[in-house]
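Colleague: Here's a structure for you.
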C-alpha cells in the first residue's frame, strides 16, 4: 500500500508498507528511512539549541549596534555595522538553502529582512557621505534594527505577540477614541470654567489658559501623576470646583482604564486562542503525517508498533532514558497490546511536553565504605532527625531569628560574633544533609534549593572571612566586600519562601508562566529600543549630567539655562537623559512606572518644543496602556489556569501509571516543594525500610510544561476538540503553505 508523505522541507517520498503481515509487526530496520521521515514530519528545521543561539545572538547584535552607535566615530563604527549586517545576510542565505525557493520568497519575513538590510546599506552610504562633507545626517535605519529580532526565524513567540497586539488594536481603537473624546471635552470645560478667573499655579504660571496645556495636564491626571497638584488652584478658590476633577477621575481613570483592560483582555484572549488553535492543528497534522508513514495494518485498524514508537522517541530526544520511555509507552498503551492507535500516537507530542523528573536512588558512599558505622543506631537517629519535618521547622526558625539580627546595627561587635553562630548552623545543616542523602542526588540538576543554599552559605563564609581579614589590617576602608556579605545574608532569607505551602503555589505558578513573561520582556525591549533611538536623535545632549564637584557654569541647570527654576532641575533629574542607550532605557523605564513622568516630559519640552510632549504621550499609550494591559491580561489568564484548574488528562494519566507501577514519590513526601528539595525525598531510608525502596522513582515536575506552546495549549484546551487531528487530504496544501512560525522545538527533559 503506497503512502505519500511530504516532509517539512517540501520533498516527496513514496514509502511502501507491507500491510499483510502475520502478526502485524513492522520491522523498522527493514525501512530505515521511515522513522527518519516520520521524525522529519513532526520536528522543526534545524536544531533547537542552534535556533536559540542564533536568536539571542541577534538580540545581542541589536543591543551592540545600539550602544556603539553614538559614542564611537562613524568610521570606527562602520566595520562593526558592516560585519553585523553580513551576519544577518549570511543567516538569510543559509536559510534560503534549506527550504524550497517558492516557500522562501513567499515568506514575508525573509522579504522584510532583505529590505531592512538594503535600507541599512543605503543609510550607511548617505550618512557616510554627509559626514565626510561636513554635514549632519540622521541615521534613520537604526529604528528598523529591532525588526531583525521580530522577523528572524527563531522569533516566533515575539511575532505572535505582535500579531495579537495588531489584532487587538482594532477593538481597542474605538475605546481609545471615546476616551480621547472625553479628555477633549473635559479640557474644554476646564478652559471655560477656569480660563478667565486669573488663577495661578504653584510656580506662578497662568492656570488653565492654554487649551493644549490643559489637554496635556488632564491626560497626565488620568495617570494620577499630577494629582492633586493640578486641582489645587481651583480647589483653593472653591470646594465645589473639586467636583469637576473628581468626576473626571472617576470617568477616565477608573471607568475608561478599566474598560481598556477589559477590552484588551477579551480581544487578546480571543486572538491568542485562534493562534493556539492553528498551532495545535498543525502539530496534530504533522503527527498524522508521521502516523501515515509508520502505520501497519493490525486486523481492521492501522496501528503503530512499539519498536517503531521507541525508535521515533529516541530520535526525537536521544537523551531520554529508557525507563522514562517505557513509562510513556505504558501510558500510551494502557491495555499492553504492544501497539497503539492513531489517537494515542497523536498525543505523543503533548505527552513529551509534560516534564517528568526521574529520581534515581543511589547508595550513599559512606554506606559502601563504612557500612557498619553508617547503619549504626546513632547514625540512624541522625538520619531520621534530618528527614523529620521538625528539622525543617527548626531551620526556618533559625532563618527568622537571623533576619532579626540582620536588621540590627552591623557595627556592633556582639552582632558580628552572632553571625558566626548562624554561619555555623547553616554549615551544619549542609553537612547533615550530605550525610543523610547521597551527594550526587543532593546536587542533582533539578535540586535548586540545595544548590542555592550551598552556594550562598559557602560564598557568605568566604566573604565574611575576607572581610574580617581586611578589617584586621586596619587599612581597609571600602564597603564593597561588606556589601557583598550583607547581600548574601539577606539572600539566605529567601529560603523561608519554600517552607510556606501557599507561597510555593504562587511561586510555582510564576515559574510556569515565566517563559511567557520573558517573551513579553523581549517585546518591551523592542519597543524600548525604537523609542530610545528616536529619543537619542531628538533629545541628545539637550540635557546633560555633571558631577557634584563640576566647575561648569551650567552644571546646576543640567547644562541648559532654560531649565532654571524648573521642577526638572529642582528634582535633580539631570541624569535622566537620552545621551546614550543605557540612560535612554533607564529613562523609558521611569516613564513606564508613570510616577513623575510629566515632570520628565516637561523638562525635555522646555529644551526643545512643546510638540515633544507627543513623544512621551505616544510612549505612554503604546507601552503603559496597550502592552502592559495585554501583559496583565495574559498573566491573569495564565495564573488563573495554573492556580485553580485541575491537572490535564495526560498529566493525570502519567501520575496514575506511576502509582500503578509503584514508582511514585508521594505528594506528602515531597511536600509540593518549589523545585523538588532533596530534604523531602525519602531516597535514602534506614535499613528497616530498605526493602521497600525502589532504585528508580518518578514524579511530575513543578514546572510541568517544557515550552510556552504547551502552556498556551493548556490554557485553551477546553476549547480545543480532541478529535481535530489536523486537516483532511484536501487541506494538506493549505497547511504546507503555513508560515514557518507554526513549528515546534523538540522537548527536553530533566533527569537525575
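Numbering (full-length UniProt numbering), first residue to last: 1 to 752.
Just so it is clear, CB atoms sit at the ideal spot from N, CA and C, and this is done for glycine as well.
Predicted model only: the values in this text are computed from it and were never measured.
1) Looking only at C-alpha atoms, which of 162, 403 and 245 sits nearest to residue 191?
2) Should residue 113 be labelled buried (16 or more other beta-carbon atoms within 10 Å of its own) or exposed?
3) Using only CA atoms, which one of 269, 594 and 605 lies nearest to residue 221?
4) Would you give the residue range spanned by the beta strand (DSSP E) that residue 296 belongs to?
5) Where does residue 465 sit, in a helix, a strand or coil, going by DSSP?
6) Out of 198, 156 and 216, state which residue places its alpha-carbon closest to the alpha-carbon of residue 184.
7) Pick out whichever of 394, 393 and 418 has its Cα sitting closest to the Cα of residue 404.
8) In the DSSP assignment, find the beta strand (DSSP E) that holds residue 303 and state where it starts and stops.
9) Per DSSP, which one or two residues make a beta bridge with residue 206?
10) According to the neighbour-count rule (16 or more other Cβ atoms, all chains shown, within 10 Å of its Cβ), is residue 681 buried or exposed?
11) Okay, do the stretch 519-528 and the stretch 160-180 touch, 3+ Cβ pairs below 8 Å being the bar?
12) With DSSP collapsed to three states, give me the class of residue 135.
13) In whole angstroms, what separates the C-alpha of residue 362 from that of residue 389?
14) Going straight from the alpha carbon of residue 294 to that of residue 317, what length do you get?
15) Enumerate in chain order the residues of its own chain whose CB-to-CB distance from residue 434 is below 7 Å, with the five nearest sequence positions on each side excluded.
16) Is there contact between the stretch 445-456 and the stretch 395-403, where contact requires at least three CB pairs shorter than 8 Å?
17) Since residue 455 and residue 386 are thought to touch, with beta carbons under 8 Å apart, how far apart are those beta carbons, to the nearest angstrom?
18) What are the boundary residues of the alpha helix (DSSP H) that includes residue 102?
19) Rounded to whole angstroms, what is the Cα-Cα separation between residue 586 and residue 153?
20) Hey, how far is the Cα of residue 279 from the Cα of residue 327?
21) I'd like to check one pair, residue 218 with residue 176: are the Cβ atoms closer than 7 Å?
22) Residue 599: which of 468, 257 and 227 sits nearest, CA to CA?
23) Can you look up residue 529 in the DSSP assignment and give me helix, strand or coil?
24) How many whole angstroms separate the CB atoms of residue 530 and residue 115, which I take to be in contact at a CB cut-off of 8 Å?
25) Output needed for residue 604: all residues of its chain with C-beta closer than 6 Å, excluding positions within five of it in sequence on either side, in chain order.
26) Straight-line CA distance for residue 576 to residue 139?
27) Report the CB separation of residue 130 from residue 137 in whole angstroms; it is logged as a contact under 8 Å.
28) Please state whether DSSP places residue 249 in a helix, a strand or coil.
29) Using a threshold of 7 Å, state whether the C-beta atoms of residue 268 and residue 168 are closer than that.
30) Using only alpha-carbon positions, find the residue among 98, 292, 286 and 337 that is nearest to residue 306.
31) Given a cut-off of 7 Å on the beta-carbon distance, is the pair residue 583 and residue 532 in contact?
32) Excluding five sequence neighbours on each side, which residues of the same chain lie with their C-beta closer than 6 Å to the C-beta of residue 422?
33) Pull up the DSSP beta-bridge partners for residue 340, would you.
34) For residue 458, which of 596, 382, 624 and 492 has the nearest alpha-carbon?
35) Using the rule of at least 16 other Cβ atoms within 10 Å of the residue's Cβ for burial, across every protein chain shown, is residue 514 buried or exposed?
36) Under DSSP, the alpha helix (DSSP H) around residue 332 begins and ends at which residues?
Modeller: The answer reads as follows:
1) Looking at the Cα atoms, 245 is the closest of the given residues.
2) Counting the other Cβ atoms within 10 Å of the Cβ of residue 113 gives 16 or more, which makes it buried.
3) Distance check between residue 221 and each of 269, 594 and 605 places 594 closest, using alpha-carbon atoms only.
4) Its beta strand (DSSP E) spans residues 296-298.
5) Residue 465: helix per DSSP, three-state reduction.
6) Looking at the Cα atoms, 216 is the closest of the given residues.
7) Its Cα nearest to that of residue 404, the residue 418 stands out among 394, 393 and 418.
8) Here the beta strand (DSSP E) through residue 303 covers 301-305.
9) Bridge partners of residue 206: 200.
10) Here the model assigns residue 681 a pLDDT of 38, short of 50, so the residue's position is not dependable and the matter cannot be decided.
11) The stretch 519-528 is in contact with the stretch 160-180.
12) DSSP places residue 135 in coil when its eight states are reduced to three.
13) Distance between the alpha carbons of residue 362 and residue 389: 22 Å.
14) Across the structure, residue 294 and residue 317 are spaced so that their CA atoms are roughly 18 Å apart.
15) So the qualifying residues of the chain are 442.
16) The stretch 445-456 is not in contact with the stretch 395-403.
17) Actually they are not in contact, since the Cβ atoms of residue 455 and residue 386 sit about 20 Å apart, beyond 8 Å.
18) Looking at the DSSP string, the run of the alpha helix (DSSP H) that includes residue 102 is 101-106.
19) Between the alpha carbons of residue 586 and residue 153 lies a gap of roughly 29 Å.
20) Residue 279 and residue 327 have their C-alpha atoms some 27 Å from each other.
21) Between residue 176 and residue 218, the gap from beta carbon to beta carbon reaches 7 Å or more.
22) The shortest Cα separation from residue 599 among 468, 257 and 227 belongs to 227.
23) Collapsing the DSSP output to three states places residue 529 in a helix.
24) 17 Å between Cβ atoms; not a contact.
25) Once the five neighbours on either side are set aside, the close Cβ partners of residue 604 are 539 and 612.
26) C-alpha separation (whole angstroms): 23 Å.
27) At roughly 4 Å, the Cβ-Cβ gap stays under 8 Å, so residue 130 and residue 137 are in contact.
28) The answer is helix: DSSP assigns residue 249 an H, G or I state.
29) Yes, Cβ-Cβ distance for residue 268 and residue 168 is below 7 Å.
30) Nearest of 98, 292, 286 and 337 to residue 306, Cα basis: 337.
31) Not closer than 7 Å, so no.
32) Result list for residue 422: 402, in chain order.
33) The partner list for residue 340 (beta bridge, DSSP) reads 304.
34) It is 492 whose Cα lies nearest to the Cα of residue 458.
35) Classification of residue 514: exposed, given that the 10 Å Cβ count is below 16.
36) Secondary structure note for residue 332: its alpha helix (DSSP H) is the uninterrupted segment 322-332.
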